[in-house]
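Take a look at the structure set out below.
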Amino acid sequence: MNRYVELKNHQREIYYFRLRLVLSLGFVVVMLLILLLRFFYLQVVRHDYFHTMADSNRIYVVPIVPNRGLILDRNGVVMAQNYSGYTLEIAPSKVADMDALIAELSKLVEITPKDIKRFQKLLTERQTMGTMPIRSQLSDEEVARVSAQQYRFPGVEVKARLFREYPFTDMTSHLIGYVGRINQNDIDQLDEDDVASNYLGSDYIGKTGIEQSYEKDLHGKTGFEQVEVDAGGRAVRVLSRTAPQSGSNLMLTLDAKLQEVAETAFGEYRGALVALDPTNGEVLAFVSKPGYDPGLFIDGIDTETWDELNNSPDTPLNNRALRGQYPPGSTIKPFMALAGLFYGTRSPTHAISDPGYYMLPGSRHQYRDWKAGGHGAVDMFKSIVISCDTYYYGLATEMGIDNMHSYLSRFGFGQKTGLDMEGEVSGLLPSPEWKNKRYQQIWYPGDTVSAGIGQGYNLVTPLQLAYATAILANDGVAFQPHLIREKRPAGGGAVMTEPKQMFDLKIDPENLKLVKSAMEAVTKPGGTAAVASYGATYRMAGKTGTAQVIAIKQGEKYDAKKVSEYNRDHAWFIAFAPADKPRIAMAVLVENGGHGGTTAAPIARKVMDYYLLGKIPQPLPVVTGKAGDQSD
Amino acid sequence: MNARQLKQRLMMNIDPVLLAALGGFALVSLVLLYSASDGNLMRVLAQLGNIAVAFTAMWIVANMPLHYLMRAAFPIYVLGMILLLLVMTPLGVNSHGATRWLNIGVATIQPSELMKLAVPLMMAWYFEKNEATLKLRNYFVAAILLLLPVALIAKQPDLGTAILIGASGFYVLFLAGLSWRIMIGSALAAAASAPFLWSALHDYQRHRILMLLDPSQDALGKGYHTIQGMIAVGSGGILGKGYLNGTQTHLDFLPERTTDFIFAVWSEEFGLIGNLLLLGLYVFVIGRGFIITANASTYFTRLMAGSITLTFFTYAFVNMGMVSGILPVVGVPLPLISYGGTSMLTLMLGFGILMNIQTNKKLVKT
């Protein structure tokens, strides 16, 4: 009995056990099906997605930065070039304690407080996952030292790459400009222009001057390399490569030597000089003094140096040639004379009697000539040669501001010249409409009087005045001023810039002949620039001018010795040569230089000597003529 | 003894079908490891050593009289518990935030690994001992025998091992005839206590569970393992990228690719077809285990064989599920394939027991 029960229990037990075993088997099958479905989902349904993920995991597109184009002068002299060197760079995102890291690094390589300040400024300017340079131009020894200890410094890299260099440094700073590290503004602009992809990997972009204006040509086309990388980001092998295309080399219209001559001729003076070839608009020299070392800006400038440059009373960062606005002073007179002849306000032979001042009809206010007592009888020819103010006071009044404005605008006054450099300003050629709009004031007859001698509201840039002079020199036929003579793309084939004729003023040849011969006489004995042109073997024509910095009160006399240096008058000289067939036309401004004839004209002379005769200037004899002979 | 006799003696207690399948796994393991380790032959040789040791251990256990095993169940369990407790003392070795190892002077050992066999062995022995008078109380005691070591191991923390041991013990309980009412009741109780359990979990465990829900949340941190595993599996496609050609594997994107994530290597290089073949191999072994279990003659051997078979399946399922992103990353190797001697040894000891049971199915038949 007992045994029977046990046996039965045993069979039931086996039955239940096998039932549960079958249930387990069912569980196993269900679970296996879940796995299978999962595999099917991952490997078939979403295969494309994961395939792409795996590829993007392993394939990096690495941009290859193109070599930046060189900038050469018209004779092939290098003005901006690249050299290869090493920088010490830090990836901020990989560094926890930057100060400690820099302290450690400075035990290996010299890192000056200036470097650190510059680096910190860079950090605030651009958020990056990449690296930022803390030291450039490492020596071979320094490279070796850092490389040997690199394992200690995650996020620190020594990079070999091309650097931009400007052999002429401050001499061409305002012309060539500089490249600098791409900042957020640049990125936004690149995005806007839809060229951001061409700048992947690029660290630098043109910031000013030619570097900025011709960025598109100089930068080149970025190449790409598809590389397979491992999880640590190390490149394992290259899958494909699209070579970069170097930027175009640019040949300037400028003559580096001429630039140097002009630059040197300024000596310690501040100022600007723009020389053009009047027959085609080529810019031959483009000087703004003082300049600065453009190399300072390439990898970011430290705050201290920046403040020093930015707050200097000499304003070295100001591109005077392009953006400096000054009253043209008496340099406006040849153009006024042409206007007078054009409108018939004056005949060539009509002479006034100059008492040394001018009074508007019905007013007792005296507009003084620069020469007390006056010049006596003055006709148009003489008015230019001796720069008679009284003559032009009357001429302006009789011609009227509207005619004056209309005629002078033909020479480009009050407008941008359209030079191929960014940042040009337009100067100011005043008119009653302008004054009403600007000051909500009516135009007074007195405004016309001062406008007649280029003072008052008139403002010109050296570039503008050079352009107007070139138009005059070229008998009214204007050519677009331009800086690039030739583009030489990396692929070969040079593209010359065709001179672009802007307009022909069709000036009466008789009028031209009169004004030009008067300007030539300016440089002859008796003229305001006689001393500067003494001994010249070519025919030189010019006109002096003075731009007042501070107004002199009625009844007072300007005395250079009594005003501080920065308040002294600016000296102008416009010139072209040879007078009969001009090949060069220019405007020279010497800030606080006083009389155009003494400071500005000698600079023009040296530039012309070199350009026309190939003569390296010798120091001119210091001339201290009587004020009467050399005033404007 | 001539060669034929030797062979006969050697194979006497060995199930040739199971042996063939296990040999298949050994082969797969070596071949795959060569790829996963980027052609590191030393690693392959070391694994060959592991396999040799494990197969020898299997042979020994398969040839052992079955009652030795039963007699050893209690002492081994007690020893395992003592070692587990010792892990919590200063003798325990901490590594990567978990204290799982014990320094015994000459080497460090992982007591939880021993418990993988000791727990089902102890439980099966306990049920066998009380077979005639089985009451609810006995199931309760068996559950305590299970939960004590599981709790200790989960606390180390070693979630993967705790789950596997928990599962192996649960299978014993289930096959021993635990009533459905209690199982369902416990399941409901567990669901109710889930929020409390959540708060008891370690931060890294919570993260792993959260990352399972959305691994992309932290693609470079906590979700990295899962995402890279899924990318490897998914990019393998139907046919795979070919042996030694897995980009995820060979470019270092797969973490732990010789151990816990070795299945991703297989999946990437051999694709869905390869996965089907590998699953087939597992199904074959599990099927054989089921047959052995069904034919086992005693209560003890039935429970033991069933638990070993189902645990082996659980092992494989949890690992593949974790690599393919349907289970959290809990640190369970792919059974018989992942690099490592300990888990290989434990598994093969289990198969030795299984073979032993197969050999003894008729002898002990009542």
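Line by line, the protein sequences are chains A and B.
The working numbering numbers the first residue of the first sequence as 1 and each following residue consecutively.
The working numbering numbers the first residue of the second sequence as 1 and each following residue consecutively.
We put the CB at the ideal spot given by N, CA and C, even for glycine.
Remember, predicted model here, so these are calculated numbers, not experimental data.
Q. Buried or exposed: arginine 12 of chain A, going by 16 or more other Cβ atoms within 10 Å of its Cβ?
A. Within the first sequence, numbered from 1, the residue matching residue 12 of chain A stands at position 12. It counts as exposed.
(Q) Once the 5 residues before and after valine 477 of chain A are set aside, which same chain residues still bring their CB inside 7 Å of it? (A) Translated into positions along the first sequence, residue 477 of chain A becomes position 477. Annotation for valine 477 of chain A: Gln501, Asp504 place their beta carbon closer than 7 Å to its own, counting only its chain and skipping 5 residues before and after.
Q | Buried versus exposed, by CB contacts within 10 Å (16 or more), aspartate 158 of chain B | A | Along the second sequence, read from residue 1 onward, the residue named residue 158 of chain B stands at position 158. Classification of aspartate 158 of chain B: buried, given that the 10 Å Cβ count is 16 or more.
Q.
Tell me which residue opens and which closes the alpha helix (DSSP H) that proline 355 of chain A is part of.
A. By one-based count along the first sequence, residue 355 of chain A stands at place 355. From DSSP, proline 355 of chain A is part of no alpha helix (DSSP H); its letter is neither H nor E.
Q. Does the beta carbon of arginine 145 of chain A sit closer than 9 Å to a beta carbon anywhere in chain B?
A. Reading the first sequence from its first residue, position 145 is the one you call residue 145 of chain A. Taking Cβ atoms only, chain B never reaches closer than 9 Å to arginine 145 of chain A, which makes this a no.
Q. Around the Cβ of leucine 33 of chain A, are there at least 16 other Cβ atoms within 10 angstroms (buried) or fewer (exposed)?
A. Taking the first residue of the first sequence as position 1, residue 33 of chain A is located at position 33. Exposed.
Q: Using three-state DSSP, classify asparagine 369 of chain B as helix, strand or coil.
A: Since the first and last residues shown for chain B are 1 and 366, residue 369 of chain B lies out of range.
Q) What three-state label does DSSP hand proline 327 of chain A in the structure shown? A) Against the first sequence, residue 327 of chain A aligns to sequence position 327. Correct three-state label for proline 327 of chain A: coil.
Q. Going by beta carbon distance, what residues of the same chain come within less than 6 Å of glutamine 137 of chain A, once the five residues before and after it are set aside?
A. Counting from one through the first sequence, the residue named residue 137 of chain A turns up at place 137. Cβ neighbours of glutamine 137 of chain A beyond the five flanking positions: Gly85.
Q) the stretch 34–46 of chain A: which residues have C-beta closer than 8 Å to a C-beta of chain B, in chain order? A) Ile34, Leu35, Leu36, Arg38, Phe39, Phe40, Leu42, Gln43, Val44, Arg46
Q.
Residues in the same chain with beta-carbon distance under 6 Å from asparagine 130 of chain B, minus the five sequence neighbours each way, listed in chain order, please.
A. In the second sequence, counting from the first residue as 1, residue 130 of chain B sits at position 130. Once the five neighbours on either side are set aside, the close Cβ partners of asparagine 130 of chain B are Asn138.
Q | Below-9 Å beta-carbon distance, serine 636 of chain A vs any chain B residue | A | In this structure chain A extends from 1 to 632, so residue 636 of chain A is not present and cannot be described.
**Q.** Same chain, Cβ closer than 7 Å to methionine 399 of chain A, neighbours up to 5 away in sequence not counted
**A.** The residue you call residue 399 of chain A lines up with position 399 of the first sequence. The residues are Ala339, Gly340, Tyr343, Thr345.
Q: Give me whichever residues DSSP pairs with glutamate 486 of chain A in a beta bridge.
A: As a first step, residue 486 of chain A must be located in the first sequence, where it is residue number 486. The partner list for glutamate 486 of chain A (beta bridge, DSSP) reads A/Met251, A/Met496.
(Q) Could you check whether glycine 177 of chain A and glycine 220 of chain A sit closer than 9 Å to each other, using their CB atoms as the reference points? (A) The residue given as residue 220 of chain A occupies position 220 in the first sequence. The residue given as residue 177 of chain A occupies position 177 in the first sequence. No.
Q) Relative to the C-alpha of isoleucine 144 of chain B, which residue among B/Met122, B/Leu69, B/Tyr34 is closest? A) Here residue 144 of chain B refers to the residue found at position 144 of the second sequence. Considering only alpha carbons, the answer is B/Met122.
Q. Taking the C-alpha atoms as reference points, what is the distance between phenylalanine 224 of chain A and leucine 419 of chain A?
A. Position 224 of the first sequence, counted from the first residue, corresponds to residue 224 of chain A. Position 419 of the first sequence, counted from the first residue, corresponds to residue 419 of chain A. The straight-line gap from Cα to Cα measures roughly 35 Å.
Q | Check whether glutamate 211 of chain A and glutamine 81 of chain A have beta carbons under 9 Å apart | A | Position 211 of the first sequence, counted from the first residue, corresponds to residue 211 of chain A. Position 81 of the first sequence, counted from the first residue, corresponds to residue 81 of chain A. Against a cut-off of 9 Å, the Cβ pair of glutamine 81 of chain A and glutamate 211 of chain A comes out as no contact.
Q: Quick one: grab the DSSP three-state call for leucine 18 of chain B.
A: Walking along the second sequence from the start, residue 18 of chain B turns up at place 18. Three-state DSSP puts leucine 18 of chain B in a helix.
Q. Under the rule that 16 or more other beta-carbon atoms within 10 Å means buried, what is arginine 3 of chain A, buried or exposed?
A. Reading the first sequence from its first residue, position 3 is the one you call residue 3 of chain A. Reliability of the predicted coordinates at arginine 3 of chain A is poor, the pLDDT of 46 falling under 50, and the value obtained from them is presented with this limitation in mind. Exposed.
Q) Taking 9 Å as the CB-CB cut-off, is threonine 247 of chain B touching chain A? A) Walking along the second sequence from the start, residue 247 of chain B turns up at place 247. So yes, threonine 247 of chain B belongs to the interface.
Q.
Taking the straight line between their C-alpha atoms, what separation do you get for leucine 84 of chain B and arginine 237 of chain A?
A. By 1-based counting over the second sequence, the position of residue 84 of chain B is 84. By 1-based counting over the first sequence, the position of residue 237 of chain A is 237. One alpha carbon belongs to leucine 84 of chain B, the other to arginine 237 of chain A, and they sit about 49 Å apart.
Q | Outcome for lysine 135 of chain B when other beta-carbon atoms lying within 10 angstroms are tallied against a minimum of 16 | A | Taking the second sequence and counting its residues from 1, one reaches residue 135 of chain B at position 135. Exposed.
Q) Based on the DSSP output, what are the partners of tryptophan 101 of chain B in its beta bridges? A) For the purposes of this step, residue 101 of chain B is identified with residue 101 of the second sequence, where counting begins at 1. Tryptophan 101 of chain B is bridged to B/Val93.
Q) Mind checking aspartate 188 of chain A: buried by the 16 CB within 10 Å criterion, or exposed? A) Within the first sequence, numbered from 1, the residue matching residue 188 of chain A stands at position 188. Exposed, by the Cβ-count rule.
Q. What residues in the stretch 50–72 of chain A bring their beta carbon closer than 7 Å to a beta carbon of chain B?
A. Phe50, His51, Met53, Ala54, Asn57, Arg58
Q) Would serine 24 of chain A count as contacting chain B if we go by Cβ distances under 9 Å? A) Reading the first sequence from its first residue, position 24 is the one you call residue 24 of chain A. Closer than 9 Å to the CB of serine 24 of chain A there is at least one CB belonging to chain B.
Q) arginine 18 of chain A versus chain B: which residues are under 8 Å apart at the beta carbon? A) What you label residue 18 of chain A is simply residue 18 of the first sequence in a count that begins at 1. Under the 8 Å cutoff, chain B gives Ala294.
Q.
Here's the rule I'm using: 16 or more other beta-carbon atoms within 10 Å means buried, otherwise exposed. How should serine 197 of chain A be labelled?
A. Within the first sequence, numbered from 1, the residue matching residue 197 of chain A stands at position 197. Classification for serine 197 of chain A: exposed.
**Q.** Close-in-space but distant-in-sequence residues of the same chain around serine 288 of chain A (CB under 6 Å, 5 per side omitted)
**A.** If you number the first sequence from 1, residue 288 of chain A lands on position 288. Around serine 288 of chain A: His174, Ala272, Asn319, Arg320, Ala321.
Q: Can you give me the Cβ contacts of valine 45 of chain A inside the same chain, cut-off strictly under 6 Å, excluding the 5 residues immediately before and after it?
A: Position 45 of the first sequence holds residue 45 of chain A. For valine 45 of chain A, where only same-chain residues beyond five positions count, there are no Cβ hits under 6 Å.
Q: Would you mind listing the alpha helix (DSSP H) stretches within the stretch 225–287 of chain B that are 4+ residues and don't spill past its ends, in chain order?
A: 247–250
Q: Assuming asparagine 356 of chain B and methionine 64 of chain B form a contact by the criterion Cβ under 8 Å, report the distance between their Cβ atoms to the nearest whole angstrom.
A: Counting from one through the second sequence, the residue named residue 356 of chain B turns up at place 356. Counting from one through the second sequence, the residue named residue 64 of chain B turns up at place 64. About 6 Å separates the two Cβ atoms, so the contact holds.
Q) Does DSSP put proline 348 of chain A in a helix, in a strand, or in coil? A) As a working note, residue 348 of chain A is residue 348 in the first sequence. Coil at proline 348 of chain A, not helix or strand.
Q: Answer yes or no: does any C-beta atom of chain B fall closer than 9 Å to that of glutamate 13 of chain A?
A: In the first sequence, residue 13 of chain A corresponds to position 13, counting from 1. So, interface residue.
Q: Measure the C-alpha to C-alpha separation of alanine 466 of chain A and proline 113 of chain A and round it to an integer number of angstroms.
A: The count along the first sequence starts at 1 and reaches residue 466 of chain A at position 466. The count along the first sequence starts at 1 and reaches residue 113 of chain A at position 113. Each residue's Cα considered, the two are about 44 Å apart.
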